[in-house]
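Asker: I'd like to ask some things about the structure below.
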Amino acid sequence: MMASIAQRMISKNLSKVKFEFGEINWDTLRTDEFGVYVHVPFCTRLCAFCPFYKVLYDEDLKDSYLDALKKEIESRPLDGKMRWLYMGGGTPNLLSVDEIGSILSVISDRVELQDIGMEGNPNRFTGDYIRKLSRLGFGKISTGVESLSAEALKRVNREKTSPSLVRRIVETANEEDIKTNVDLMTGLPGQSVESFLRDVDILGRIGPSQITIYPFLAIPGVRIEPSLSSERMFAVIEESGQILEEYGYKRDSIWIFAQTSEIYDSSGDELVNDYLGFGPAAFNTIGQTQAVNPPLELYLDMIKEDSHLALTKQVDKASENWRKLAHELYGLSVDEKVVTELPFGARFMYRILNLTGNVHDGKVTKKGLRFVHGVTKSVVESLPFPIGNKAAIENVSEFMTALENSGTITQ
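Counting the sequence shown from 1 gives a position; our numbering is that position plus 8.
Spelled out as structure tokens, the structure:
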């Protein structure tokens, strides 16, 4: 009951304000410290479980994208201190290392690079590719294995990854002092609990720096159904954690199991800190403003016309504080200073969590893990990805007209 109430309260606060499409003045949105996110939208196939914006790879479109991306970076305010840089997608390692280097060069002309990481398809992380990334300054790579089950991957239109390939990636990355994260997802169609736990055991023996185990997330735009209930997915993640403990992993957040205290969490800062997004459909969070770049075709037209368009919304203080509470719970510990800044409803919820034994001395208890799993899943599923969820856009007719005029292909 309590978990359901909390999930409804948090989801309501995070999704109650809609985006509005139109011109944006980036000069009015500056910040002293920030992360940088670069979205690479291209994929060779479209996986059925993925809610993020992507388009099928096309060589000409890729070249146009690279030109536009560099122009966007050059045209926007980029001063202050960078905290991290992450390349996501899509499939960033569809780009050559030279192409990635050219993007980093444009950014480094404006600001000092820090804490560089990227995600990619495991089948494209060759040894040579990883070694070249190391020379560019990359210290982290994340790869979406999701499952080692051929049947499950076939059902979601994803390439199969072999354990030997994952081992080669991890070994090469270790040689280059690059931290590795491997993503797994439980609840995929056609995936049995037994096969998933075998996957966890195999990856635990291989030993990447960390393993992130996501439940299947029912985000708008995802058109398939999970094979397990949320409660069963939680139980599978808990069983997985017990397996990983035997290989020296420790739990660092509700879904992350790591071998070191320095975890690699590409999304951890996004709930509470500013970051600038570049590329089609890239998210930005600057103060109270959230902004999302338009999809690829409209993005290319925008850059060609030297204009700036975005889907924007203002996050109110109450929503921001609920987001902070969700972030604290996700990390399994709560800063009491954060609690004092929360609105009454969130402070009351935190007090109830303590009284019911879900939190003790600022730490999420074993009992509280189920609650945090449910809340985190609910928060992620309620995030308004506006490009794939037109209901999240206030002036949707204007947005659709702009898409039609540009010939945009949306996924």
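C-beta atoms are modelled at their ideal positions from N, C-alpha and C, and glycine is treated no differently. These numbers were taken from a predicted model, which means no experiment stands behind them.
Work out the CA separation of residue 106 and residue 59 for me, nearest whole Å.
Answerer: Answer to the nearest angstrom: the Cα atoms are 28 Å apart.
Asker: Can you tell which of 364, 297, 98, 42 has its C-alpha closest to the C-alpha of residue 324?
Answerer: Answer by Cα proximity: 297.
Asker: Ordered along the chain, which non-local residues of its own chain (more than five positions away) have a Cβ less than 8 Å from that of residue 96?
Answerer: Taken in chain order, the residues that qualify are 45, 46, 47, 48, 60, 126, 127, 274.
Asker: Measure the CB-CB distance between residue 217 and residue 169 and report whether it falls below 8 Å.
Answerer: Cβ atoms of residue 217 and residue 169: not closer than 8 Å.
Asker: Give the DSSP-derived three-state secondary structure of residue 100 in the structure shown.
Answerer: Of the three classes helix, strand and coil, the one that applies to residue 100 here is helix, per DSSP.
Asker: Using 10 angstroms around the beta-carbon of residue 265, count the other beta-carbons present and answer buried if the total reaches 16, otherwise exposed.
Answerer: The residue is buried, with at least 16 neighbouring Cβ atoms inside 10 Å.
Asker: Using DSSP's beta-bridge definition, name the partner residues of residue 51.
Answerer: Per DSSP, 64.
Asker: Leaving out five residues on either side along the sequence, give the residues of the same chain with a beta carbon under 8 Å from the beta carbon of residue 144.
Answerer: The answer, listed in chain order, is 105, 108, 109, 112, 124.
Asker: Between the Cα of residue 6 and the Cα atoms of 137, 64, 303, 84, which residue gives the shortest distance?
Answerer: Residue 6 lies beyond the range of the chain shown here (9 to 419); nothing can be said about it.
Asker: Thinking residue 199 and residue 160 are a contact (beta carbons under 8 Å), I'd like their distance in whole angstroms, please.
Answerer: Right, their Cβ atoms sit about 4 Å apart.
Asker: I think residue 186 touches residue 142, with their Cβ atoms under 8 Å apart; what is that distance to the nearest whole Å?
Answerer: Contact holds; Cβ gap of about 6 Å.
Asker: So, does the region 335-342 touch the region 366-380, judging by three or more C-beta pairs under 8 Å?
Answerer: At 8 Å Cβ cutoff, the stretches touch.
Asker: Rounding to the nearest angstrom, what Cα-Cα distance links residue 412 and residue 405 in this structure?
Answerer: Near 10 Å, if we compare the C-alpha coordinates of residue 405 and residue 412.
Asker: Would you check if the distance between the CB atom of residue 251 and the CB atom of residue 209 is smaller than 8 Å?
Answerer: Cβ distance < 8 Å, so residue 251 and residue 209 count as in contact.
Asker: Once the 5 residues before and after residue 394 are set aside, which same chain residues still bring their CB inside 6 Å of it?
Answerer: Contacts found: 27, 300, 319, 400, 401.
Asker: Just list the residues that DSSP pairs residue 30 with in beta bridges.
Answerer: Note: residue 30 sits in a beta bridge opposite 318.
Asker: Check each candidate in 241, 253, 205, 83 and name the one with the smallest Cα separation from residue 385.
Answerer: Checked all of 241, 253, 205, 83; the closest Cα to residue 385 is 241.
Asker: What does a CB cutoff of less than 8 Å around residue 417 pick up in its chain, not counting 5 residues either side in sequence?
Answerer: Confidence is the limiting factor: at residue 417 the pLDDT is only 48, short of 50, which leaves the residue's position unreliable and the question unanswerable from this model.
Asker: Work out the CA separation of residue 239 and residue 172 for me, nearest whole Å.
Answerer: Rounded to the nearest angstrom, the two C-alpha atoms are 32 Å apart.
Asker: Taking the straight line between their C-alpha atoms, what separation do you get for residue 343 and residue 350?
Answerer: Taking the straight line from one Cα to the other gives about 11 Å.
Asker: Would you mind giving the Cβ-Cβ distance between residue 101 and residue 150, rounded to the nearest angstrom? I have them listed as a contact below 8 Å.
Answerer: About 11 Å; that fails the 8 Å criterion.
Asker: Cα separation between residue 25 and residue 134?
Answerer: About 43 Å.
Asker: When the distance is taken between beta carbons, is residue 226 closer than 8 Å to residue 389?
Answerer: Yes, they are a contact pair.
Asker: State the beta-bridge partners of residue 5 as determined by DSSP.
Answerer: Nothing in the structure corresponds to residue 5, since the chain is present only between 9 and 419.
Asker: Would DSSP call residue 208 helix, strand or coil?
Answerer: If DSSP states are grouped into helix, strand and coil, residue 208 belongs with the helices.
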